[in-house]
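Numbering (my numbering), first residue to last: 210 to 527.
Structure (C-alpha cells):
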C-alpha cells in the first residue's frame, strides 16, 4: 500500500518567534523559519520521520512554488517523500505563524488563488493514474481561493474508482461534500465538528456525519484527546499529560499516525472497533508534534514515552 498526501493549497510557511505579540506596534523578529508547508505536506513530513514513505501532490506555481519544491527536496527526510505536485499558473501562497513565548500562536493564511477547471482536471488525472487499489490518500486542508467544494466530490469518487481509500481533513462545505461522497474517513476537530453539524455533543455530531455517508469519523479534542466513531461504536483516548508548545501541527501529526496505522495494521478495516488501537499512536504523535517549534516535525523520544501512557476506552454514545 502506498500513502498519498494531497495538499490542494500548499504554502511557504514562515514561523516568527517573539516574546509577546502586541497589536499596533512594530516587532523585531530574530527567530525566523521558512519551510514547505500545508497540511498534507506536514503529514508527509511526519510520516517520513517515523520511517514511512509517501507521495505528495497538490498545486504549486510561481517563484514561491519553485522555492517550495527546493525546500521539500532539502529536507533530511526528503528521500521518503515523492514530489508529484501539479504546476498551475498562479503563485503558491504564503502563511505566517507568530508564536509567542507562552506558546500562543497567531496564524495569518493567504487564501491562495483558485486553479482553473483544466488545472483541477490535471490533478484529478494524477490521482487517477497514480493511485493503485488498496492505496490510501489523505486530503488535508483548504481549497485554494474560490475553488468549488464540488471538487471534493470528484476527488473522493476518483479515489474510489481506482479501488483506493481516502481520509479527509477539511472543514465546512468541503467536509460535507466528502461525507456525502462516502469518504472512508474524515477527521474534524471538535470545533469543526460543531460548526459543520450545529451539534455541541461530539457523539451527536459524529453520528450526523455518519448518517451523511462517511465510513469513520475521527475527532481530535485538543488536550482532551481523540475519539473515533463508526456505526458499530465509539472509542476515546486521552493523553496522560499535557504538552506545552506549538499546537499548529498536532492535527497533521494525527493524520500521519492514522495513515501509518492503517497501512501497518488495518488495511481492510471498516469499523471503529477494528481501528481503535490506532488511537494511542495518534494521540501520542499529536503530543510529540506540539513539543516541536514548527508544524511537520515531531519529538520522537517524547512520542515513544507517550505511546505507552495512552489508554483507550469505549464511549457511551447513544
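Glycine is no exception: its CB is placed at the ideal position from the N, C-alpha and C atoms.
Cross-strand partners of residue i (DSSP beta bridge)
i: residue 336; result: None; residue 336 has no bridge partner.
i: residue 362; result: DSSP, once it has assigned bridges, lists no residue as partnering residue 362.
i: residue 378; result: 349
i: residue 398; result: 429
i: residue 503; result: In the DSSP output, where bridge partners are listed per residue, residue 503 has none listed.
As assigned by DSSP and simplified to three states, the class of residue i
i: residue 519; result: coil
i: residue 447; result: strand
i: residue 438; result: strand
i: residue 306; result: strand
i: residue 462; result: helix
i: residue 314; result: strand
i: residue 291; result: strand
i: residue 470; result: helix
i: residue 320; result: coil
i: residue 296; result: strand
i: residue 367; result: helix
i: residue 479; result: coil
i: residue 419; result: helix
i: residue 215; result: strand
i: residue 412; result: helix
i: residue 210; result: coil
i: residue 341; result: coil
i: residue 383; result: helix
i: residue 524; result: coil
i: residue 486; result: helix
i: residue 355; result: coil
i: residue 496; result: helix
Euclidean distance between Cα positions of residue i and residue j
i: residue 515; j: residue 213; result: 27 Å
i: residue 502; j: residue 454; result: 7 Å
i: residue 317; j: residue 462; result: 21 Å
i: residue 372; j: residue 296; result: 26 Å
i: residue 417; j: residue 484; result: 20 Å
i: residue 435; j: residue 488; result: 7 Å
i: residue 479; j: residue 210; result: 16 Å
i: residue 272; j: residue 221; result: 11 Å
i: residue 375; j: residue 231; result: 41 Å
i: residue 378; j: residue 310; result: 29 Å
i: residue 424; j: residue 287; result: 32 Å
i: residue 430; j: residue 525; result: 17 Å
i: residue 533; j: residue 233; result: Residue numbering for the chain in the displayed model covers 210 to 527; residue 533 lies beyond these limits and cannot be assessed.
i: residue 396; j: residue 237; result: 37 Å
i: residue 343; j: residue 477; result: 8 Å
i: residue 216; j: residue 245; result: 11 Å
i: residue 235; j: residue 458; result: 27 Å
i: residue 390; j: residue 466; result: 24 Å
Cβ distance (whole Å) where residue i is taken to contact residue j below 8 Å
i: residue 492; j: residue 448; result: 5 Å
i: residue 353; j: residue 322; result: 6 Å
i: residue 226; j: residue 506; result: About 14 Å; that fails the 8 Å criterion.
i: residue 268; j: residue 324; result: 6 Å
i: residue 291; j: residue 265; result: 7 Å
i: residue 426; j: residue 438; result: 4 Å
**Report entry** In chain order, each beta strand (DSSP E) run of at least 3 residues that lies wholly inside the segment 220–283
**Finding:** Within the segment 220–283, complete beta strand (DSSP E) segments of at least 3 residues are found at 220–227, 240–246 and 263–269, given in chain order.
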